[in-house]
Amino acid sequence: MKGFSLLIKPAGADCNLACNYCFYRSKSHLYPPSPRINDVVLEGIISSYMATQQAVYAFGWQGGEPTLMGADFFTKVTDLQQKHGKPGAEVSNSLQTNGLLVTRDLARHLAKYNFLTGISLDGPAEMHDKYRRSSGKGGSHSGVIRAAEIMRGEGAEFNILTLVSSANVSDGKMVYEYLRDSGFLHHQYIPCVEFGPDGQPEPWTISGEQWGEFLCSVFDAWIAGDTRRVSVRLFDSMMNLFATGKRDQCTMMDDCRQYFLVEHNGDVYPCDFFVEPKWKLGNIMNDGWEAMAQSEVFRRFGRQKAERNEACASCPALDICKGDCQKNRRGEGGSSTGLSWLCSGWRRFYEHAGGELARIAGDIGMRGSLKNAS
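As numbered in the working numbering, residues 1 to 374 make up the sequence shown, in order.
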């Protein structure tokens, strides 16, 4: 069984915000209200995973909003990892949060155990607050900035995760410079592509053309003087691919089976974009990781990534793109062989920036290994 990581939803889809564009909020109908992982399931997940053979035992804590569990929960997590870890085992923890519930106690614990935290920030307040709002309709920007200050004060490592939606897609340069000038030097930009029940794009969904323009704007701002200062996850991943031949994002692979998504009750799925009854692999309290990895459902999910649109075969960017995320190939009633909704944007960006990123990767390769800073 090849190595894999875990993405765990300890509070399911529950969240202290009500962001319009949240794709996971729709999964709440699958489970009872206010779901929370219990101690038995938590220990079952950690103990069974750490009994497998992994180069690194990688845990991702996500939501919904995982900090709804409180700081004591993450103390419990690290205690259980130490309890069940083999001597010399390497453990990695990541946390994705909107930041509003970050406390000094939590930040101190994250720093102590080297958690890498992704804090969601979509740019200046007027952009961020358009869709990232509380259930009372208030904006969350000021709370995110407060969380970043707490994390910095406690020495906890964090990156910025920016969802690129209709609120900020026209201002790539402004968003990039705002983050950089605020002292945030590790960026990850995520395209917002969501469709309603009628198959039509939601108001916050961006087009391929907009995505390409956004990425080109960010790249032009970055290449002008920040290549040794600011880490952009996409750029790092492309340079890593050019320099080493290794792929560190599932969207750049022919097979999506890199991790398991684990819900609060132990239910397991192949991906958080595909938490649907037909893709359920089992429950960790009853089924082993090996059995789920070898299941026909998981195999079918993996095969779908390489079942691309026929137009991909002649695309010069195929070796980088690999047809994009399966989620983006299903818009407007499409199947896994549909052309990515963002195809035109990816092609434009690769044509605009690929050569320069390959050149930089070559220079780095001559000096030594390239470390993905994101």
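Idealized CB from N, CA, C, for every residue including glycine. On a predicted model such as this, the values are computed, not experimentally measured, just so you know.
Distance between residue 55 and residue 33 (C-alpha atoms, nearest Å): About 37 Å.
7 Å Cβ shell around residue 102 - same chain, five flanking residues per side excluded: By the criterion of a C-beta distance shorter than 7 Å, residue 102 is surrounded in its chain by 67, 147, 150, 151, once the five residues flanking it on both sides are discounted.
Close Cβ partners of residue 363 (< 8 Å) along its chain, the five nearest in sequence each way excluded: So the list is empty, once near-sequence residues are dropped.
Per-residue DSSP class, three states only, for residue 10: Residue 10 falls in the coil class under three-state DSSP.
Beta-carbon gap between residue 252 and residue 261 smaller than 8 Å: It is not a contact, given that the beta carbons lie outside the stated cut-off.
C-alpha distance - residue 345 paired with residue 213, whole-angstrom precision: For residue 345 and residue 213, the gap between their C-alpha atoms comes out near 7 Å.
Separation of residue 18 from residue 366, as counted between CA atoms: Confidence at residue 366 is low in this model, with a pLDDT of 49, below 50, so the placement of that residue is unreliable and no value is reported for it.
Reduced DSSP category for residue 352 - H, G, I as helix; E, B as strand; rest coil: Per DSSP, reduced to three states, the secondary structure at residue 352 is helical.
Selected residue, minimal CA-CA separation from residue 206, among 58, 340, 182, 264: Of the candidates 58, 340, 182, 264, the residue whose Cα lies closest to the Cα of residue 206 is 340.
Unbroken beta strand (DSSP E) run spanning residue 61, endpoints: Residues 57-61.
Through-space distance from residue 238 to residue 5, alpha-carbon basis: When rounded, the distance between both Cα atoms is 21 Å.
Secondary structure, alpha helix (DSSP H): runs of 4+ residues fully inside the stretch 261-301: Taking only runs of at least 4 residues, the alpha helix (DSSP H) segments lying wholly in the stretch 261-301 are 289-293.
Separation of residue 268 from residue 232, as counted between CA atoms: Answer to the nearest angstrom: the Cα atoms are 31 Å apart.
Distance, residue 108 Cα to residue 289 Cα: The alpha-carbon separation between residue 289 and residue 108 amounts to approximately 32 Å.
Reduced DSSP category for residue 203 - H, G, I as helix; E, B as strand; rest coil: In the structure shown, residue 203 falls within a coil segment according to DSSP collapsed to helix, strand and coil.
Residue 228 burial status per 10 Å Cβ neighbour count (16 or more: buried): Burial call: exposed.
Of the listed residues 338, 23, 41, 254, nearest to residue 80 (C-alpha basis): For the residues 338, 23, 41, 254, the minimum Cα distance to residue 80 belongs to 41.
Bounding residues of the beta strand (DSSP E) (the contiguous stretch that carries residue 81): Per DSSP, residue 81 belongs to no beta strand (DSSP E); it is in the alpha helix (DSSP H), 71-84.
Nearest-angstrom Cα separation, counted from residue 61 out to residue 7: Each residue's Cα considered, the two are about 6 Å apart.
DSSP three-state assignment for residue 249, whether helix, strand or coil: Residue state for residue 249 is assigned as coil, using DSSP reduced to three classes.
Residue 5 (DSSP reduced to helix, strand or coil): In this structure, residue 5 counts as strand in the three-state DSSP scheme.
Whole-angstrom distance between residue 13 and residue 24, CA atom to CA atom: Going by C-alpha positions, residue 24 is about 6 Å away from residue 13.
Classification of residue 191 by the beta-carbon crowding that lies within 10 angstroms, buried from 16 upward: By the neighbour-count rule (16 or more Cβ atoms within 10 Å), residue 191 is buried.
Residue 94 in three-state terms, based on DSSP: The answer is strand: DSSP assigns residue 94 an E or B state.
From 327, 98, 104, 266, residue whose alpha carbon lies closest to that of residue 128: Ranked by how close their Cα comes to the Cα of residue 128, the residues 327, 98, 104, 266 have 98 in first place.
Residues near residue 178 in its chain [Cβ-Cβ closer than 7 Å; skip 5 each side]: The residues are 123, 124.
Reference residue 153, options 168, 170, 105, closest by Cα: It is 105 whose Cα lies nearest to the Cα of residue 153.
Local conformation of residue 66 per DSSP, three classes: Helix.
Beta-carbon gap between residue 204 and residue 259 smaller than 8 Å: Between residue 204 and residue 259, the CB-CB gap reaches or exceeds 8 Å.
N- and C-terminal bounds of the beta strand (DSSP E) containing residue 240: Element bounds for residue 240: not the beta strand (DSSP E) but the alpha helix (DSSP H), 233-244.
Closest Cα partner of residue 257 within the set 294, 310, 230: Residue 257 has its Cα closest to that of 294, out of 294, 310, 230.
Classification of residue 187 by the beta-carbon crowding that lies within 10 angstroms, buried from 16 upward: Classified as buried, residue 187 has 16 or more neighbouring CB atoms from the shown chains inside 10 Å of its CB.
N-terminal and C-terminal residue of the alpha helix (DSSP H) that residue 141 is part of: Per DSSP, the continuous alpha helix (DSSP H) segment holding residue 141 begins and ends at 141-154.
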